[in-house]
Amino acid sequence: MRDHHDIVIVGGGVIGLTIARALALRGMRDVCLVERGNLGTEASWAAAGMLLPQVEADKAEEFFNLACQSRDLYPGFAAALREETGIDVELDTTGTLYLAVTEHDHEEIEKRYEWQTRAGLAVERLSGIEARELEPCVSASTLGALRFPKDIQVENRRLLSALANSVKKHGVEIATQTSVASVLLDGNRVRGVQTSRGAISSPTVVIAAGTWSSFIKTSPESPIPTIEPVRGQMVCLEAKPRLTRHVLYSPRGYLVPRQDGRLLAGSTSENAGFAKCVTAGGVATILRNALEISPAISDLPVVDTWAGLRPRSSDGLPVMGPCGEIDGLFCATGHYRNGILLAPLTGELISKAIISS
Ligand SMILES: Cc1cc2nc3c(=O)[nH]c(=O)nc-3n(C[C@H](O)[C@H](O)[C@H](O)COP(=O)(O)OP(=O)(O)OC[C@H]3O[C@@H](n4cnc5c(N)ncnc54)[C@H](O)[C@@H]3O)c2cc1C
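In my numbering, the protein residues as written are 939 to 1295.
And the structure:
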């Protein structure tokens, strides 16, 4: 590990990796990414890879526009990664079905259909029967559905492999098994980071350490906002042949079909501190909600379970850009439920902000 770099990025999840790649593509030749464990093994690995800004939005606001922008960068992002690394990130553009099973769900999807149609967004309204014609595995109790043709999914673990490959090819120095304890300052200016393997001097530091971001020490009054973990558990089923082509979503759960026959059922949202474990109650909740979407999963084998910690800021919105009053310090954290979705745009925005600073 060299002891000086032009830019140091702390955290090797989807956010740190995407920023490192974006900086390299913009001609930054001396970037170092420091990761406490191995690249891409935390929240970014645990995610479902859904890119669903429209499904989840009940009004057009700034965050919604950014999320749509990022989703729309995905086809180019995936193609470029394939070109650079040969890895197919399995961007699946079939779309998403948002199912209404209760009367309340039905009222909600009607509202969503109304505002999104008025806003000129792509959304189709289906009856319960039409939803079942499209995906026969959907519950016979489905009252209606919305089809979002532009809300798609990516295989996030393949995405992480592609990003890791890409940054190595672009000459980013990677220091794994290396933990950053603090940001070193000279008055109000960054001068580097203190790691478990010694100091690295650098005029620019990006904090992309997910839910652990606020543990990194800076000045006594840390400018890094408090980020808290929200645990999400997942259950992986095996569906060969595939049960559904669309992502199936309800207000209580979702099913995401992967090309290799895995069918991901998610998730929970729990304030359980940093306990990254799978619980009996979590699995029971996920399976109950998944069975409500599709009773046809009942006979499928459960092949895996896991949990991850979503990084949430106090208002639930991502924290991106220059950090506090400290020159050279940038934050890219708090992506909460949408870090995979927001990664390409975060890479663009943070790399531009650094280069123009
Ligand atoms: C169950 C589940 C399902 C999800 N589904 C989706 C989805 O469908 N779509 C979507 O867009 N998002 C989804 N998310 C959210 C998404 O996973 C996160 O928003 C995203 O992964 C955050 O990326 P990150 O790089 O900030 O964090 P992480 O992936 O957690 O990476 C942070 C990295 O920083 C490292 N680190 C921490 N502290 C230090 C330190 N001091 N020094 C060095 N390194 C450090 C960690 O080891 C880690 O590798 C889901 C999350 C979960 C848990």
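For each residue, glycine too, the CB sits at the ideal point set by N, CA and C. Remember, predicted model here, so these are calculated numbers, not experimental data.
Beta-bridge partners of F1086, as assigned by DSSP
Translated into positions along the sequence shown, residue 1086 becomes position 148. DSSP output for F1086 lists T1034 as bridge partner(s).
Does the stretch 1072-1088 touch the stretch 970-985, meaning 3 or more C-beta pairs lie closer than 8 Å?
Proximity of the stretch 970-985 to the stretch 1072-1088 falls short of the contact definition, fewer than three beta-carbon pairs being nearer than 8 Å.
Helix, strand or coil: how does DSSP classify H942 here?
What you label residue 942 is simply residue 4 of the sequence shown in a count that begins at 1. Strand, per DSSP.
Taking its Cβ as the centre, do 16 or more other Cβ atoms sit within 10 Å of P1239, making it buried, or is it exposed?
Locating residue 1239 in the sequence shown gives position 301, counting from the first residue. In this structure P1239 is exposed. Its beta-carbon is surrounded by fewer than 16 other beta-carbon atoms within 10 angstroms.
Backbone CA spacing between K997 and A1057 [nearest angstrom]
By one-based count along the sequence shown, residue 997 stands at place 59. By one-based count along the sequence shown, residue 1057 stands at place 119. Taking C-alpha positions only, K997 is separated from A1057 by approximately 10 Å.
For G1148, does the three-state DSSP call read helix, strand or coil?
If you number the sequence shown from 1, residue 1148 lands on position 210. Here G1148 sits in helix by DSSP.
Indicate the three-state DSSP secondary structure (helix, strand or coil) for F1268 in the structure shown.
Taking the first residue of the sequence shown as position 1, residue 1268 is located at position 330. In the structure shown, F1268 falls within a strand segment according to DSSP collapsed to helix, strand and coil.
Inter-residue Cα distance where the pair is V1128 and A1270:
Start at 1 with the first residue of the sequence shown, and residue 1128 comes out as number 190. Start at 1 with the first residue of the sequence shown, and residue 1270 comes out as number 332. Each residue's Cα considered, the two are about 16 Å apart.
Given 8 Å as the limit, tell me if V972 has its C-beta closer than that to any heavy atom belonging to ligand 1.
The count along the sequence shown starts at 1 and reaches residue 972 at position 34. Yes - ligand 1 has a heavy atom lying nearer than 8 Å to the Cβ of V972.
Quick check on this structure: which residue in G1266, R959, L1267 has the alpha carbon closest to the alpha carbon of E1111?
The count along the sequence shown starts at 1 and reaches residue 1111 at position 173. That would be R959, whose Cα lies nearest to the Cα of E1111.
So what's S932 in DSSP terms, helix, strand or just coil?
Because residue 932 is not part of the residues shown, which for the chain are 939 to 1295, the question remains open.
Is G1277 near ligand 1 - that is, is its Cβ less than 8 Å away from at least one heavy atom of it?
Position 339 of the sequence shown holds residue 1277. Yes, since a heavy atom of ligand 1 falls inside the 8 Å radius drawn around the Cβ of G1277.
Which partner residues of Q1091 appear in the DSSP bridge assignment?
Along the sequence shown, one-based indexing puts residue 1091 at 153. BP columns for Q1091 point to M988, D1030.
Could you tell me which whole alpha helix (DSSP H) segments of length 4 or greater appear in the stretch 963-1027?
Considered as a whole, the stretch 963-1027 harbours 981-984, 991-994, 1000-1023 as its complete alpha helix (DSSP H) runs of no fewer than 4 residues, in chain order.
Are there any heavy atoms of ligand 1 lying less than 8 Å away from the beta-carbon of Q1197, as far as the coordinates show?
Numbered from 1 along the sequence shown, position 259 holds the residue referred to as residue 1197. Incorrect: Q1197 has no Cβ contact closer than 8 Å to ligand 1.
For the stretch 1272-1285 and the stretch 1186-1200, state whether three or more C-beta atom pairs, one from each stretch, are separated by less than 8 Å.
Taking 8 Å as the limit for Cβ pairs, the verdict is that the stretch 1186-1200 does not touch the stretch 1272-1285.
First and last residue of the uninterrupted alpha helix (DSSP H) at S1289
Working through the sequence shown from its first residue, we reach residue 1289 at position 351. Note, S1289: alpha helix (DSSP H), 1277-1293.
Suppose the cutoff is 8 Å on Cβ atoms and the five residues either side in sequence are ignored; what does the same chain contact list for L1004 look like?
Walking along the sequence shown from the start, residue 1004 turns up at place 66. Here the set comprises L1280, L1283.
Measure from the alpha carbon of I953 to the alpha carbon of each residue in I1264, S1295, G1262, P1249, then state which is nearest.
Looking up residue 953 in the sequence shown gives position 15. Of I1264, S1295, G1262, P1249, the residue nearest in Cα terms is P1249.
Three-state secondary structure (DSSP) of K1155:
To locate residue 1155, count along the sequence shown from 1; it is residue 217. In the structure shown, K1155 sits in a strand (DSSP, three-state: E or B).
Have a look at L1175 and S1236 and give me their C-alpha separation to the nearest angstrom.
The residue you call residue 1175 lines up with position 237 of the sequence shown. The residue you call residue 1236 lines up with position 298 of the sequence shown. In a straight line, the C-alpha of L1175 is about 10 Å away from that of S1236.
May I ask you to verify whether the stretch 1259-1267 touches the stretch 1139-1153, counting CB pairs closer than 8 Å and requiring at least 3?
Result yes; three or more Cβ-Cβ pairs closer than 8 Å.
Restricting to Cα atoms, I'd like to know which of D1089, Q1197, F1015 is closest to F1002.
Against the sequence shown, residue 1002 aligns to sequence position 64. Cα-wise, what sits closest to F1002 is D1089.
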